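Structure, rendered in structure tokens:
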């Protein structure tokens with residue numbers, strides 16, 4: 026039998042090894058190309074979503090601008106009215122939700138003067154580019170603050186912001202700055218929002234009202250009022266001070282030097298921090314601290330999930346601090362929740378969007394916010410492609426992976 030020379034056999038092995046390496050390299054190249062193509066598709070999708078977010082934000086700004094132009098045109102059309110009546114610039118404040126800055130309150134009467142003057146100056150500066158004073162002559166400027174004095178004083182004193190005498194002196198200073206600056210104690214829980222809502226309904230419709238600056242209107246009570254004003258093309262009269270809690274194209278003005286950046290915790294119990302790291306960042310208009318779970322109270326019906334209890338437990342009360350308070354909130358503050366139930370509550374809350382981010386604002390509570398800052402489904406959210414995802418804020422669908 027003929028045998029293959031040694032040299033030829035060795036050469037054949039070299040060819041086989043070379044072909045094997047080339048085949049392996051080719052496979053690796055194909056896999057890498059596939060990974061790169063997939064990554065390019067992901068980046069292109071991110072760019073598309075980011076572009077869509079910018080377009081949506083631009084459309085909101087355009088809608089707000091169109092409403093303002095429409096309102097101004099209405100005002101110009103009624104100029105004869107303003108020749109006989111002073112046009113009104115109004116400011117209405119929920120003093121329970123938008124609390125004046127602690128250093129101002131602690132100064133007493135001088136702090137009241139300073140707060141009133143700073144707020145007036147900020148509004149005057151905002152209106153200057155619109156030339157309202159020059160167009161309509163003398164403007165009548167009013168500030169009305171609604172608050173529940175008993176509860177507010179308790180919170181201020183409990184948090185070492187001021188004494189009762191300091192607060193009374195602050196109110197006196199604010200009121201004495203102008204005969205048109207009014208501070209009204211509603212006297213009961215929930216009364217502040219009820220009176221503010223009625224105020225906005227009435228005064229925003231007055232033809233001589235040019236602007237209504239609104240601070241602290243965060244309850245769902247206002248939704249029907251704002252929607253009605255929007256239908257009547259009057260929403261352009263409203264300007265939100267320090268935040269917009271609704272998905273409506275309001276104009277806004279920040280006066281950080283006048284108001285506290287966040288609500289104070291309730292005075293009835295001492296808040297204790299809740300570790301939110303395992304839950305991630307849910308609505309957003311609440312205090313960044315969380316009361317310790319109660320040792321006594323209503324018992325959860327174990328046969329039902331938390332959201333089907335009657336009434337369901339309040340997410341904000343157990344995970345942070347409910348801004349509405351026990352009397353006004355429609356959810357329960359009385360359940361005795363176990364650590365496991367608190368964890369479940371926090372996990373479910375993450376599935377609902379933070380109202381701050383949803384409305385295009387920075388959430389002041391950051392990682393301590395109990396509501397969702399990102400859609401759990403990320404950039405590939407099926408509901409987003411249909412325009413039905415709850416997470417509508419900019420960057421709430423970025424790919425986190």
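In the working numbering, the protein residues as written are 26 to 426.
Virtual Cβ for every residue (Gly too), placed ideally from N, Cα, C.
As the structure is a computational prediction, the values presented were derived from the model and not from experiment.
Contact holds between the segment 199-213 and the segment 167-174, because three or more Cβ pairs, one in each stretch, are under 8 Å apart. Per DSSP, the continuous alpha helix (DSSP H) segment holding residue 221 begins and ends at 216-228. Listed as beta-bridge partners of residue 119 by DSSP are 171. Judged by DSSP secondary structure, residue 342 falls outside any beta strand (DSSP E) and instead within the alpha helix (DSSP H) spanning 340-344. Taking all protein chains in view, the Cβ of residue 417 is crowded by 16 or more other Cβ atoms within 10 Å, so the residue is classified as buried. Under the DSSP assignment, residue 248 falls in the alpha helix (DSSP H) whose first and last residues are 248-256. Scanning its chain for C-beta atoms nearer than 8 Å, with the 5 sequence neighbours on each side dropped, one finds around residue 272 the residues 383, 384 and 417, in chain order. Between residue 260 and the set 241, 405, 211 and 235, the nearest pair of CA atoms involves 235. Taking residue 220 as the centre and dropping the five residues before and after it, the same chain places the C-beta of 171 and 211 closer than 7 Å to its C-beta, in chain order. Per DSSP, the continuous alpha helix (DSSP H) segment holding residue 141 begins and ends at 134-152. Counting every other CB atom within 10 Å of its CB across the protein chains shown gives residue 189 a total below 16, marking it as exposed. When Cβ pairs closer than 8 Å are counted between the two stretches, the segment 75-86 is seen not to touch the segment 245-252, the count staying below three. Within the DSSP secondary-structure output, residue 276 pairs in a beta bridge with 264. Of the candidates 141, 184, 327 and 358, 358 places its Cα closest to the Cα of residue 340. Assigned with DSSP and collapsed to three states, residue 212 falls in coil, not helix or strand. When 193, 403 and 38 are compared, the shortest CA-CA separation from residue 67 is found for 403.
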